[in-house]
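Residue 232 in numbering that gives the first Met the number 0 is what sits at position 233 of the sequence shown, and the numbering runs on without skipping anything.
Beta carbons: idealized from backbone N, C-alpha and C, even for Gly.
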Amino acid sequence: MRITLLVIAMILAVSHATASTTSTGISRDFNPAISANGLILYSSGSLGETDEHEHEGEHSPEEGLRIQETELQLSANVDPYSKAVLTFAMHGSSAFELEEGYLQTRRLPAHLGLKVGRFLWDFGKHNQYHSHQFPFVEKPHAWEELLGEHGLAGEALQMNWLSPLPWFAELSATAFPLNHSVYGEHAEAPENHWGKSLHLAQLFETGKCSTLELGGSWLSGPVAHEHEEEIEEGDREFLGFDATWKWIGSRANAKQLEIQGEWIRRSDRLGEEDITGSGWYLSSRAKVSRRFWIGARYDSFHSPSHEDESGEHEHSGESSTIALSLAFVASEFQAWRMDLMKRAVGEGTYPAIRLQANFTIGSHPAHRY
C-alpha cells in the first residue's frame, strides 16, 4: 500500500513539473494570459452622420456586414510588485495598433499606486471601456464628438490613492503630453505642453445586493485652433459627473439591474471667445433570464457653440438618440446583440439597426466593476 501511494505521489509530481515547464526546462509559470476578442457588425442606417459631417470629410459607419474590431491582449504579473498589460487593436481590416501598453505597480506604501505607459484615462465611466465592453453597440453621440473616436487616451503617468475612508474612495491624478489623441483632427495641441486630470470614484453599499457608484472627473490643458489662417491658442477643459446603481440577486443565475447616467462638458477658451459642447446619457440594462438582457438608453448632445464678446451664441445645434437593446449572452465569452436606434437632428429623424456578434477566446482579465 505504501509503495502504491509513493508511486502515485511521484506521478503527480512529474505531471506538475511537466505542466509548468517546457522541454527545454524553462518554466511556463510566467507566461502572460493571452486573449483575443472579435466584433462582427451589421449596420443599417447612418443616424444622419453622413449629412452632418460631410463638410468635414468624415464618413458615416459602413453599412452592411463587416469586421468592426479585433483586439489582442497580453497581461501578466511582472513580479510581486507590478503587472503589465499590452493591448493591440485592429479597427476593421487595417493594421494592428497599440491601444494600451502600461506597467502598473502594486504594494506601494500609503495605499498608493502608479501606472505609466499608454492607456485609457480615468475620466467618467464610458471612456474607460474597450469597444467589446460597451453596454450598447455604439457609444453615446457626445462621447464620440467631444472625446474623439478613441476617447481620452494616450501616453500618461497616473498616480492612484485609495483613501482609508470606511467606503471605497479612490482619487486618480494623471499627467500626459498633449497630442492629437486628446484633441482630434480639428484642434491642435501646442508643442512641449502637458495636460492634467483628476478623477474621484466612490462606491457605497445601498443594500445587501446593491451598490451606488458616484464619480467626478476634470481634465485641462492648452489648445490651439486655426481660424482664418491664423493659430489661436487657449485652454481646453473637460468636466464630467457619473452615477451607477447596480442590483444583483443573491440566487444562482440571478436577475440583475443596472442604471447608469453620465454628463460631460468640453470648453475651449480662445481669447475672448468660448467654444462649449456638452452631452449626457441615461441608460438601464436588466438581465431578465439566464441568457437574455434588455436595455434602453437616451442620450443628448449639444454641439460646440461659439460665444462672442457680446454673449451671443453661434453655430449651436442639438441632437438626441434613443437606443433599445436585446442581447443573447450565451456565456461570458460570447454575446449576440441587436440595437434599434433613432436619432433626432434638428427637424429630421434617422433610424438605424445594429446587429453585433461579440466573442472572446483565451484567458481574458475581468472587466471593471
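Asked                                                                                                                                                                                   : Found
Comparing alpha-carbon positions, which option in Trp244, Arg235, Gly194 lies nearest Leu213?                                                                                           : Trp244
Measuring alpha carbon to alpha carbon, tell me which residue in Leu161, Pro79, Gln103 is nearest His110.                                                                               : Leu161
For the region 271-351, which segments carrying the beta strand (DSSP E) assignment without a break, of at least 3 residues, lie completely within its bounds, in sequence order?       : 272-286, 291-306, 317-330, 333-344
Give every residue of the same chain whose Cβ lies closer than 7 Å to the Cβ of Thr104, excluding the five residues on either side of it in the sequence, and list them in chain order. : Tyr80, Ser81, Gly112, Leu113
Indicate the three-state DSSP secondary structure (helix, strand or coil) for Glu51 in the structure shown.                                                                             : Note that Glu51 scores 42 on pLDDT, short of 50, meaning its location in the model is unreliable; the coordinates nonetheless yield the value given after this. DSSP places Glu51 in helix when its eight states are reduced to three.
With a threshold of 7 Å on Cβ separation, who are the neighbours of Val115 within its own chain once the five nearest residues in sequence on each side are excluded?                   : Tyr101, Leu102, Leu156
Look up His90 in the DSSP assignment and say whether it is helix, strand or coil.                                                                                                       : strand
DSSP three-state label for Ala253, please.                                                                                                                                              : coil
What residue does the alpha helix (DSSP H) around Trp193 start on, and which one ends it?                                                                                               : Element bounds for Trp193: not the alpha helix (DSSP H) but the beta strand (DSSP E), 193-204.
What residue from Phe167, Ser219, Ser209, Thr210 has the CA that sits closest to Lys195's CA?                                                                                           : Ser219
Give the straight-line distance between the Cα atoms of Asn76 and Gln127, rounded to the nearest whole angstrom.                                                                        : 21 Å
Considering Trp142, what are the terminal residues of the beta strand (DSSP E) in which it resides?                                                                                     : It is not in any beta strand (DSSP E) - Trp142 instead sits in the alpha helix (DSSP H) that spans 140-146.
Does His149 come out as helix, strand or coil in the three-state DSSP assignment?                                                                                                       : coil
Determine the extent of the beta strand (DSSP E) in which Tyr101 is found, giving its start and end residues.                                                                           : 96-104
What does the alpha-carbon distance come out to for the pair Glu346 and Val136?                                                                                                         : 25 Å
Buried or exposed for Lys207, going by 16 or more other Cβ atoms inside 10 Å?                                                                                                           : exposed
Per the DSSP calculation, Ser266 is bridged to which residue(s)?                                                                                                                        : Glu236, Thr275
Classify Tyr368 as buried or exposed, calling it buried when 16 or more other Cβ atoms lie within 10 Å of its own Cβ.                                                                   : exposed
Nearest to Ala351 by CA position, among Ser34, Tyr41, Pro31, His131, is which residue?                                                                                                  : Tyr41
I'd like the list of long-range same chain contacts for Arg270, defined as Cβ closer than 7 Å, with 5 residues on each side in sequence excluded.                                       : Residue identity differs from the one stated: residue 270 is Gly in this sequence, not Arg. So the qualifying residues of the chain are Glu231, Gly233.
As a quick exercise: from His192, Asn36, Glu154, pick the residue whose alpha carbon is nearest that of Gln355.                                                                         : Asn36
Tell me whether Gly224 sits in a helix, a strand or coil according to DSSP, three-state version.                                                                                        : Per the sequence presented here, residue 224 reads as His, with Gly not at that position. His224: strand per DSSP, three-state reduction.
Within the same chain, show all residues whose beta-carbon is closer than 6 Å to that of Leu199, passing over the 5 residues directly before and after it, in chain order.              : Leu170, Gly215
With a 10 Å radius around its C-beta and 16 neighbouring C-beta atoms as the bar for buried, classify Lys254 as buried or exposed.                                                      : exposed
For Gly361, collect the residues of the same chain with a Cβ closer than 7 Å to its Cβ; drop the 5 residues on either side in sequence, then sort them by chain order.                  : Ile33, Ser34, Ala35
Starting from Asp78, trace the beta strand (DSSP E) both ways and give me its first and last residue.                                                                                   : 63-78
How about Ala295 and Ser282: are their beta carbons less than 8 Å apart?                                                                                                                : yes
Please state whether DSSP places Ser362 in a helix, a strand or coil.                                                                                                                   : coil
Spatial neighbours of Ala326 within its chain, please: C-beta separation below 8 Å, excluding the five flanking residues on both sides.                                                 : Phe291, Trp292, Ile293, Gly294, Ala334, Trp335, Arg336, Met337
When the Cα atoms are used, what is the spatial distance from Glu62 to Gly150?                                                                                                          : 23 Å
Would you kindly work out how many angstroms separate the C-alpha atoms of Ser330 and Phe118, rounded to a whole number?                                                                : 27 Å
Quick one: grab the DSSP three-state call for Ser171.                                                                                                                                   : strand
I'd like the span of the beta strand (DSSP E) that includes Arg371, first residue to last.                                                                                              : Examination of residue 371 is not possible in this model, given that the chain is present from 0 through 368 alone.
Assign Ser43 to buried or exposed, taking buried as 16 or more other Cβ atoms, counted over all protein chains shown, within 10 Å of its Cβ.                                            : exposed
Who are the near neighbours of Leu238 in its chain, counting only those whose CB is closer than 6 Å to its CB and skipping five residues on each side?                                  : Trp217, Arg264
Closest to Glu236 by CA distance: which of Phe358, Glu96, Phe122 is it?                                                                                                                 : Phe122
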